[in-house]
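2 protein chains.
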Amino acid sequence: MENLKSSGTEALSPTVALVQFAPLLGNIESNINSLCHLLKAVKADVIVLPELASTGYAFSNRSDAFQCAESVDNSSYIRFLTSQAASLNCFIVSGFNERDENNLYNSAILVGPSGFIGKYRKIHLFWNESDIFEPGDLGLPVFEVAGLKLGLLVCFDWMFPEVWRILALKDVDLVAHPSNLVLPFCQQAVAVHALCNRFYIATANRIGSEGSLHFTGGSVLVSPLGETIIRGSVEEPFVGSHTIDLSLSRNKNITPRNTLKESRRPECYTFLTTVEKK
Amino acid sequence: MENLKSSGTEALSPTVALVQFAPLLGNIESNINSLCHLLKAVKADVIVLPELASTGYAFSNRSDAFQCAESVDNSSYIRFLTSQAASLNCFIVSGFNERDENNLYNSAILVGPSGFIGKYRKIHLFWNESDIFEPGDLGLPVFEVAGLKLGLLVCFDWMFPEVWRILALKDVDLVAHPSNLVLPFCQQAVAVHALCNRFYIATANRIGSEGSLHFTGGSVLVSPLGETIIRGSVEEPFVGSHTIDLSLSRNKNITPRNTLKESRRPECYTFLTTVEKK
Chain C
14 MENLKSSGTE
24 ALSPTVALVQ
34 FAPLLGNIES
44 NINSLCHLLK
54 AVKADVIVLP
64 ELASTGYAFS
74 NRSDAFQCAE
84 SVDNSSYIRF
94 LTSQAASLNC
104 FIVSGFNERD
114 ENNLYNSAIL
124 VGPSGFIGKY
134 RKIHLFWNES
144 DIFEPGDLGL
154 PVFEVAGLKL
164 GLLVCFDWMF
174 PEVWRILALK
184 DVDLVAHPSN
194 LVLPFCQQAV
204 AVHALCNRFY
214 IATANRIGSE
224 GSLHFTGGSV
234 LVSPLGETII
244 RGSVEEPFVG
254 SHTIDLSLSR
264 NKNITPRNTL
274 KESRRPECYT
284 FLTTVEKK
Chain P
14 MENLKSSGTE
24 ALSPTVALVQ
34 FAPLLGNIES
44 NINSLCHLLK
54 AVKADVIVLP
64 ELASTGYAFS
74 NRSDAFQCAE
84 SVDNSSYIRF
94 LTSQAASLNC
104 FIVSGFNERD
114 ENNLYNSAIL
124 VGPSGFIGKY
134 RKIHLFWNES
144 DIFEPGDLGL
154 PVFEVAGLKL
164 GLLVCFDWMF
174 PEVWRILALK
184 DVDLVAHPSN
194 LVLPFCQQAV
204 AVHALCNRFY
214 IATANRIGSE
224 GSLHFTGGSV
234 LVSPLGETII
244 RGSVEEPFVG
254 SHTIDLSLSR
264 NKNITPRNTL
274 KESRRPECYT
284 FLTTVEKK
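Respectively, the protein sequence lines represent chains C and P.
Residue numbering for the first sequence follows the working numbering, beginning at 14 and increasing consecutively.
Residue numbering for the second sequence follows the working numbering, beginning at 14 and increasing consecutively.
Below you can see the structure in the form of structure tokens.
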């Protein structure tokens, strides 16, 4: 499997938690304090936090975003997540304002008890994000932690069925989906992406407002059968967890004679990668 | 545009109708009579009928299916649809048990006032259908009728986000989706496919039972905003119509700086067509 990275111990029925809160713009220390408080209550193997949970979202310009961005090898936020992962004995996925030399990325990072494991950089940038961040350049990595295969997407990626499908073809059990959603559609839509692709999706959304943006909360965990297992408040901080059944995400049989992969007709899909953008 | 075929006059706000009924297995004449009765009440520019509306679905073997299959150039069913399209001044999409020399296809045909216009052959065959039908070999054609760009899919194709996306990339306004659904998931899922792809979807499902199969009715018309505009009964014959707004299906702006096509990253999607099936 391309990009497969293995880490940690096996859990046949891992517990997945969503944490929803309102990061404070540009203030990593305050966001660490908020998370420190919220994470006390969590018992889970994999915890998913919102997009850009380290720094907040609505920077007025690139310079402001740059000032509080961190590189993965020298990050107070990752040191904090590592300490939490160690004390809770879990893995944490979080949105992360990532600096790599002079570039910024809207990333999702995976951290375990021993520290940083890997990252995904948001492929589809929303609205004015391209004034600040570079488009993701790391493809769609898959990680093996807590006995499951984990894929990462960030927020607006949800509107692109292509990336969900690719993660399914890479045998992902769970897509961790840190988000800062300003519209309410995604929370319904992920149930259909989960059903068509037969995996779990954990969409951890934020709450609160920044400037004219109001975030819609309502974080969800959905099952490979398209059921919504957890749904968070739309306004309040929220922590929810659920033990997931990996036999569901590993059963790709749609009928006794159709499996998700074998029933595909890739020879019919070439238009998806050959079409010009305009 | 690949496969674009033009026919008929323009209508800025075409009306789309769904017709739901219970075809009788192997009996084209009876099904023509049922439709003759139902179509009397319809005023629409495009009418969508269920999958295999000419002959029913659950053939016990290929020979039974073959006996009532028709070729498009000598079909009592297409002659009937043509007469209806002429008298109603409309276009009709219907599921069709198609014979082409010794092959059978689970097809969707498009018929207008002047006769047969074109066809799609179901790409993703469900369960035991592959004992009877050949997999579709005509790609995903697009037709221009009644002032709109029309794509065709059949039933189980709904679980494959790839084909919806390709039709969006071909600028389709409406996907006509003749179906014989035995599960209730699709009727919810098409709203998300419509939203992610910004087109209308008309899923015309059948009702009734054949052998151990019970069909779930509930035909739906959904909008490019993911709204369900029409929802049919789950048990009864149903005719519903709605005038659609093509400005919605032609507006592919997701934000002022994101369009459906330009925000895609096809260079990141090559796994969709290069991955091996097993």
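Cβ atoms here follow ideal geometry from the backbone N, Cα and C, with glycine treated the same way.
May I have the straight-line CA-CA distance separating residue i from residue j, to the nearest angstrom?
i      : j      : result
P/L165 : C/G69  : 44 angstroms
P/T22  : P/V158 : At P/T22 the pLDDT is 44, less than 50, meaning the model places this residue with poor confidence and gives no usable figure here.
C/F79  : P/D258 : 44 angstroms
C/G239 : P/N44  : 35 angstroms
P/R219 : C/S76  : 58 angstroms
P/L17  : C/A204 : Confidence in P/L17 is poor, its pLDDT being 38 and thus under 50, which makes the residue's placement too unreliable to answer from.
P/L65  : C/D184 : 34 angstroms
P/D144 : C/W171 : 37 angstroms
C/G128 : P/S262 : 47 angstroms
P/A57  : C/I136 : 42 angstroms
P/T268 : C/R278 : 32 angstroms
C/S254 : C/T28  : 7 angstroms
P/G108 : C/S26  : 44 angstroms
C/S47  : C/P36  : 8 angstroms
C/V288 : P/E280 : 11 angstroms
C/V59  : C/T272 : 28 angstroms
C/R92  : P/V233 : 51 angstroms
P/A71  : P/G39  : 9 angstroms
C/R270 : C/Y213 : 23 angstroms
P/I130 : P/T95  : 10 angstroms
C/G149 : C/L180 : 16 angstroms
P/E142 : P/H50  : 29 angstroms
P/T283 : C/K274 : 16 angstroms
C/N74  : C/E223 : 14 angstroms
C/P63  : C/N193 : 7 angstroms
Looking only at its chain, what residues have a beta carbon closer than 6 angstroms to the beta carbon of residue i, apart from the 5 residues adjacent to it on each side?
i      : result
C/A82  : N110, R112 and L117
C/S276 : none
P/E15  : For P/E15, the pLDDT reaches just 34, beneath the cut-off of 50, and the residue's location in the model is therefore unreliable, although a value from the coordinates is still provided. Closer than 6 angstroms at Cβ, skipping near neighbours: no residue.
P/P197 : T229
C/F226 : Strictly speaking, residue 226 of chain C in this sequence is Leu, with Phe absent from that position. Once the five neighbours on either side are set aside, the close Cβ partners of C/L226 are A71 and V195.
Using the beta-carbon of each residue, which ones in chain C are nearer than 9 angstroms to residue i?
i      : result
P/F139 : I267, T268, R270, N271 and S276
P/A202 : A204, V205, L208, C209 and G239
Please list the partners that residue i has in chain C, where partner means a Cβ-to-Cβ separation under 7 angstroms.
i      : result
P/G152 : C281
Interface residues of chain P around residue i at Cβ under 9 angstroms?
i      : result
C/V288 : I179, L182, K183, K274, R277 and P279
Counting only Cβ pairs nearer than 8 angstroms, list the residues of chain P close to residue i.
i      : result
C/F72  : Going along chain P, no residue has its Cβ under 8 angstroms from C/F72, so there is no contact; the nearest lies around 16 angstroms.
C/P148 : R278
C/F198 : L208 and G239
Are the CB atoms of residue i and residue j nearer to each other than 8 angstroms?
i      : j      : result
C/V61  : C/P154 : no
C/L163 : C/F156 : yes
C/K265 : C/R178 : no
P/E175 : C/L285 : yes
P/S236 : P/A189 : no
C/A121 : C/V167 : yes
C/F146 : C/N119 : yes
P/L123 : P/L52  : no
To which residues of the same chain is residue i closer than 8 angstroms at the C-beta, ignoring the five residues directly before and after it?
i      : result
C/L151 : K132, Y133 and R134
P/G230 : Q33, N218, R219, I220, G245, S246, V247, E248, E249 and F251
P/S89  : I41, E42, I45 and E83
C/E139 : Rather than Glu, the amino acid found at residue 139 of chain C in this sequence is Phe. Answer for C/F139: C168 and F169, listed in chain order.
C/I243 : L31, S232, V233, L234, G253, S254 and H255
C/F173 : I136 and H137
Residue i versus chain C: which residues are under 8 angstroms apart at the beta carbon?
i      : result
P/L285 : E175, R178, I179, L182, P279, Y282, L285 and T286
Just to confirm my understanding: we take residue i, look at its own chain, exclude 5 residues before and 5 after, and list those with CB closer than 7 angstroms. What are they?
i      : result
C/L161 : P27, D186, L187 and L259
P/Q200 : T216, G231 and V233
P/A54  : V252
C/T241 : A204, V233 and V235
P/A202 : W171
P/D86  : none
- [ ] Mind checking the segment 105–136 of chain C against chain P and listing, in chain order, the residues whose C-beta falls within less than 9 angstroms of any C-beta there?
- [x] Those would be I136, in chain order.
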